[in-house]
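Enquirer: Residue numbers (numbering that gives the first Met the number 0), protein chains in the order written: chain L, 0 to 98; chain P, 0 to 98; chain H, 0 to 98; chain D, 0 to 98; chain W, 0 to 98; chain A, 0 to 98; chain Y, 0 to 98; chain V, 0 to 98; chain X, 0 to 98; chain C, 0 to 98. Handing you a structure now.
There are 10 protein chains.
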Amino acid sequence: MLFLVRMEVDWPKDMDPEAGRALVEAERTYSQRLQRYGKWRHLWRIAGVFGNVSVFDVDSHDELHEILSNLPFFPYLNIEITPLARHPSRIDAPPAAPP
Amino acid sequence: MLFLVRMEVDWPKDMDPEAGRALVEAERTYSQRLQRYGKWRHLWRIAGVFGNVSVFDVDSHDELHEILSNLPFFPYLNIEITPLARHPSRIDAPPAAPP
Amino acid sequence: MLFLVRMEVDWPKDMDPEAGRALVEAERTYSQRLQRYGKWRHLWRIAGVFGNVSVFDVDSHDELHEILSNLPFFPYLNIEITPLARHPSRIDAPPAAPP
Amino acid sequence: MLFLVRMEVDWPKDMDPEAGRALVEAERTYSQRLQRYGKWRHLWRIAGVFGNVSVFDVDSHDELHEILSNLPFFPYLNIEITPLARHPSRIDAPPAAPP
Amino acid sequence: MLFLVRMEVDWPKDMDPEAGRALVEAERTYSQRLQRYGKWRHLWRIAGVFGNVSVFDVDSHDELHEILSNLPFFPYLNIEITPLARHPSRIDAPPAAPP
Amino acid sequence: MLFLVRMEVDWPKDMDPEAGRALVEAERTYSQRLQRYGKWRHLWRIAGVFGNVSVFDVDSHDELHEILSNLPFFPYLNIEITPLARHPSRIDAPPAAPP
Amino acid sequence: MLFLVRMEVDWPKDMDPEAGRALVEAERTYSQRLQRYGKWRHLWRIAGVFGNVSVFDVDSHDELHEILSNLPFFPYLNIEITPLARHPSRIDAPPAAPP
Amino acid sequence: MLFLVRMEVDWPKDMDPEAGRALVEAERTYSQRLQRYGKWRHLWRIAGVFGNVSVFDVDSHDELHEILSNLPFFPYLNIEITPLARHPSRIDAPPAAPP
Amino acid sequence: MLFLVRMEVDWPKDMDPEAGRALVEAERTYSQRLQRYGKWRHLWRIAGVFGNVSVFDVDSHDELHEILSNLPFFPYLNIEITPLARHPSRIDAPPAAPP
Amino acid sequence: MLFLVRMEVDWPKDMDPEAGRALVEAERTYSQRLQRYGKWRHLWRIAGVFGNVSVFDVDSHDELHEILSNLPFFPYLNIEITPLARHPSRIDAPPAAPP
């Protein structure tokens, strides 16, 4: 089951630099593990914004909430969620999707 | 160059049914041709809404405008465009992306 | 899988009264069938508004879209969808929920 | 008398962890007591958001304000209230409502 | 139980003048009956706007919906509803309230 | 001359409790004095919100600004002002208005 | 008593040209009469918009509503009203105000 | 060349009272000098709001920016700017404009 | 004096095709004449939207209003205007600006 | 490939003056280097606002993000991005564009 999730980061202005770097590293590790599991299907940077647009593939809302609320960045995120269904015009085998 | 494009259809209430079906068919044909060319990379239905979220892969803004403004649905579309860049945390070879 | 769905009706001012009554009847029949199937779990009227707040229990986004887009009122609906997960503070057996 | 209440938590970034845990515990206890009394009829987590959608069954606006303004989280809550009436299409005995 | 209700009229530009006058008369009669019953407690014109701010005193949400949805103007109204509770600073016997 | 005034309080999270109580007491005293003078005609709590809806009866905009800007809560208030005129459908002697 | 009033015109696309010219003429005559009476103190065109910003000097809200609701353009106007008070920093005799 | 400028003050809650008074005094002096030069044509208090509506008469956008960005309050201001043109219905010599 | 002007076209769904083409041609001719006069400095298409972003160089607000309100598309335009001043960091002779 | 980028600065109220001046200087140097390379094509001050409207000429979204996210002001910027395409009515050789 696919969800489009838009995340924009509201980074505290007084964040300690050292703590900030550690948080970024933790976020990267967390995200890459979920990408390898196939949960975090697509991850794009919104050009010009400290944020991303992603597509998650989960089995339930509880799992979606589990994944998002455990993001190291979660306390600093504004999140918008759009449930995605299959589009009737979609052709089955598009060319290999770029990243 | 990737763009996330959200389209919601403001379908005229007094649209002639016959003309409506023809327009839907034309939109499907137009979209599937672009999907086969690899221009229209992803196409998902927004659950509960007469609209879609798509990812386009184009070479210029002129090409993006060309593609969108020639959609048969274009006169009835509210369009939001987000330029996508590569995210630093993206792993290179995610599992085969579902549709 | 539960979704909170808020629907507000944008009823055409020039709707033919007879056609309007038929549409309302069709919407009632459609909704009550889904309520009996357990798909349409809760249905409340928003006081003072031609609209409702509902909770749907579906197995996929495709099913949610199928149900909503086939509502007789669908062409006249503004729809907001919120995916619901289990709240950690919910107690298991609340008193029998009123309608 | 039913109210749909949407609560989103604006948690202070500099909340002391210990105080935060105590507040969460107090919120849970407070909520579960009201659920057992049948005042707090439904409680769902909004997937991906530190917040919930609830249905309260109260006898007056004063009681509703009493309940909400005494929530331990109240100083950190953005609250939206929708008065719910009986929908004319609701069937009387829906299947046992899930949590 | 008191509700603040703000109503703004979206009057069709092509309303037949005769029908319009009849509708205004029906709305006046309907409103004045409810005022005499004490249901429609306060009724003020929003200066410069085809609309009003009112306070209704009803016994249930169903009754509130019944009253509002049967307003002759209802199909042309944008309605905002605010449930009112007793304010702790209110003194008991203010001077005779003006209209 | 009547004004509908909606006030929502944006209470600082780090307000010293003692100072907070003193401020609340000052606000109550200030408001009750104006209620006795007949300037602050109606005062209702917005259910579920730290705020109120009020009706003021003043002789000029300067007086309105004087009253509002001297509220002890003024630095923490988001204020919306609606000028009220006499509604043509209002009947002269409604039953004794409840508080 | 001064009010800042912003008016933007939502001119029907299918307005009969002849009727349109007559309406514009009526609006001009109506406005110029009020300017001569000193009721319509200032009248500026919003550059690039079919609308104006004005300052009215009236004795009551009823008079303000009377003036605005009898504008020939009233059915096509989106109106925003801001009550103006005397600013403590205003010097008494500014140079002759341009139109 | 006239501009309507609406300014609302977002006054820091932790502003040192002494510094605050000095800033208010500086703002008053600055504004009154510009009023005497005829640059700051109109200055009204928005009733109930810590802000003002003004009309500036400047020769260029650079001058407008110069004036506004050097306001002592500038770091705390939310500013909205509307370019004003001559309205075709304006009569030439309105009665002496009140302050 | 420079203005950034964003125009989005709200094209009537029932526009007669022939009349539509004539209007587009008139708009093009009007715009190109102003570009040759140096009034319409920059004109870009907003990719994916029936609209443009332009920079106008005019001597007064009256001239700006004259130019915009005489656009053949004016009745169908939503217009946003931003006054532009010289930026202190701008270098004097940037490389030849592309179109 | 051209992008219109609107940047508004949300400058921390408690920014150390010395650090602030250094940041402004760094932002100016960074911007002027990009202007000389032809990446930062246009840079205008929004009159009355601590912000600018710019046009960037980049080869990819990654480059756009690289440029914007490395602005010294980036942590304090609200950014809006509009992809620009060639407008069909643009004449080829406008008079020498002013800065």
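Don't be surprised by glycine CBs; every beta carbon is placed ideally from N, CA and C.
Since arginine 85 of chain A meets chain Y, which of its residues come closer than 7 Å, beta carbon to beta carbon?
Expert: Going along chain Y in sequence order, the residues near arginine 85 of chain A (Cβ under 7 Å) are Asp61.
Enquirer: Closer than 8 Å, Cβ to Cβ, to anything on chain X: give me those residues from the stretch 25 to 52 of chain P, in chain order.
Expert: Answer in chain order: no residues at all.
Enquirer: What are the uninterrupted segments assigned as beta strand (DSSP E) that are 3 or more residues long and contained completely in the stretch 20 to 52 of chain Y, given in chain order?
Expert: Runs of the beta strand (DSSP E) inside the stretch 20 to 52 of chain Y: 39 to 45.
Enquirer: Taking methionine 0 of chain Y as the query, report the chain A residues whose CB atoms sit under 7 Å from its CB, ordered along the chain.
Expert: What methionine 0 of chain Y touches in chain A: Ser59, His60.
Enquirer: Taking only three categories from DSSP, how would you classify proline 97 of chain L?
Expert: Confidence in proline 97 of chain L is poor, its pLDDT being 41 and thus under 50, which makes the residue's placement unreliable; the coordinate value appears in the next sentence. Proline 97 of chain L falls in the coil class under three-state DSSP.
Enquirer: With distance defined between alpha-carbon atoms, name the residue in P/Ile66, P/Pro87, P/Ile80, P/Glu79 nearest to leucine 33 of chain P.
Expert: Ranking the options by Cα distance to leucine 33 of chain P, first place goes to P/Ile66.
Enquirer: If we ignore side chains and look at the alpha-carbon of each, how far apart do alanine 96 of chain X and isoleucine 80 of chain L end up?
Expert: Below a pLDDT of 50, predicted positions are generally treated as unreliable, and alanine 96 of chain X, at 43, falls in that range; no measurement from the model is reported.
Enquirer: Determine the DSSP secondary structure at leucine 83 of chain H, reduced to helix, strand or coil.
Expert: Strand at leucine 83 of chain H.
Enquirer: Measuring only the C-alpha atoms, how far is lysine 38 of chain H from leucine 22 of chain H?
Expert: For lysine 38 of chain H and leucine 22 of chain H, the distance between alpha carbons rounds to 21 Å.
Enquirer: Answer yes or no: does any C-beta atom of chain X fall closer than 8 Å to that of arginine 20 of chain C?
Expert: Chain X, which has no Cβ nearer than 8 Å to the Cβ of arginine 20 of chain C, makes this no.
Enquirer: Hey, quick one: how far does the beta strand (DSSP E) through leucine 3 of chain V stretch, first residue to last?
Expert: Segment 1 to 8, the beta strand (DSSP E) holding leucine 3 of chain V.
Enquirer: Express the C-alpha separation of leucine 70 of chain L and arginine 44 of chain P in angstroms, rounding to a whole number.
Expert: Spanning the two alpha carbons is a distance of roughly 27 Å.
Enquirer: So, using beta-carbon positions, are proline 87 of chain P and alanine 46 of chain L closer together than 8 Å?
Expert: It is not a contact, given that the beta carbons lie outside the stated cut-off.
Enquirer: Would leucine 1 of chain D and aspartate 56 of chain D be called neighbours here (beta carbons separated by less than 8 Å)?
Expert: A contact, by the Cβ cut-off of 8 Å.
Enquirer: Is aspartate 15 of chain D closer than 8 Å to tyrosine 75 of chain D when the C-beta atoms are compared?
Expert: No. Outside cutoff.
Enquirer: Going by Cα to Cα distance, which pick from Y/Tyr36, Y/Tyr29, Y/Pro11 is closest to aspartate 58 of chain Y?
Expert: That would be Y/Tyr36, whose Cα lies nearest to the Cα of aspartate 58 of chain Y.
Enquirer: When burial is assigned at 16 or more other CB atoms within 10 Å of the CB, is arginine 100 of chain X buried or exposed?
Expert: For chain X, the structure presents residues 0 to 98; residue 100 of chain X sits outside this window and is missing.
Enquirer: Leaving out the 5 sequence neighbours to the left and right, which residues in its chain are closer than 8 Å to phenylalanine 73 of chain A when beta-carbon positions are compared?
Expert: Contacts found: Leu67.
Enquirer: Can you look up phenylalanine 72 of chain L in the DSSP assignment and give me helix, strand or coil?
Expert: Phenylalanine 72 of chain L falls in the coil class under three-state DSSP.
Enquirer: What residues are listed by DSSP as bridge partners for aspartate 56 of chain L?
Expert: Beta-bridge pairing links aspartate 56 of chain L to L/Leu1.
Enquirer: Less than 8 Å between C-beta atoms, sequence neighbours within five positions excluded: which residues of the same chain meet that for valine 48 of chain Y?
Expert: Closer than 8 Å at the Cβ level, and outside the excluded window around valine 48 of chain Y, lie Glu7.
Enquirer: If you check the beta carbons only, do aspartate 91 of chain A and alanine 84 of chain Y fall under 8 Å apart?
Expert: Not a contact, by the Cβ cut-off of 8 Å.
Enquirer: What's the call for arginine 5 of chain C, buried or exposed, on a 16-neighbour Cβ count within 10 Å?
Expert: So arginine 5 of chain C ends up on the buried side.
Enquirer: With DSSP collapsed to three states, give me the class of isoleucine 78 of chain W.
Expert: Strand.
Enquirer: Taking Cβ-Cβ distances below 7 Å as the criterion, which residues of the stretch 2 to 17 of chain L are in contact with chain H?
Expert: Within the stretch 2 to 17 of chain L, no residue qualifies.
Enquirer: Report the CB separation of asparagine 51 of chain A from leucine 42 of chain A in whole angstroms; it is logged as a contact under 8 Å.
Expert: Going by Cβ atoms, the distance from asparagine 51 of chain A to leucine 42 of chain A rounds to 6 Å, so yes, they are a contact pair.
Enquirer: Under the rule that 16 or more other beta-carbon atoms within 10 Å means buried, what is arginine 89 of chain D, buried or exposed?
Expert: Looking at its Cβ environment, which holds 16 or more other Cβ atoms inside 10 Å, arginine 89 of chain D is buried.
Enquirer: Looking only at its chain, what residues have a beta carbon closer than 8 Å to the beta carbon of proline 11 of chain D, apart from the 5 residues adjacent to it on each side?
Expert: Closer than 8 Å at the Cβ level, and outside the excluded window around proline 11 of chain D, lie Tyr75.
Enquirer: Taking buried to mean at least 16 other C-beta atoms within 10 Å of its own C-beta, is serine 53 of chain P buried or exposed?
Expert: With 16 or more Cβ atoms within 10 Å of its Cβ, serine 53 of chain P is classed as buried.
Enquirer: Just the chain H side, please: which residues come within less than 7 Å of isoleucine 90 of chain W by C-beta, in chain order?
Expert: In chain order: nothing, as chain H lies at least about 30 Å away.
Enquirer: Between proline 74 of chain C and chain L, is there a C-beta pair that is closer than 8 Å?
Expert: Cβ-Cβ to chain L under 8 Å: yes for proline 74 of chain C.
Enquirer: Are the C-beta atoms of proline 71 of chain C and some chain X residue less than 8 Å apart?
Expert: Output row for proline 71 of chain C: interface = no.
Enquirer: Given this structure, state the Cα-to-Cα distance separating glutamate 24 of chain H from glutamate 17 of chain H, to the nearest angstrom.
Expert: The straight-line gap from Cα to Cα measures roughly 11 Å.
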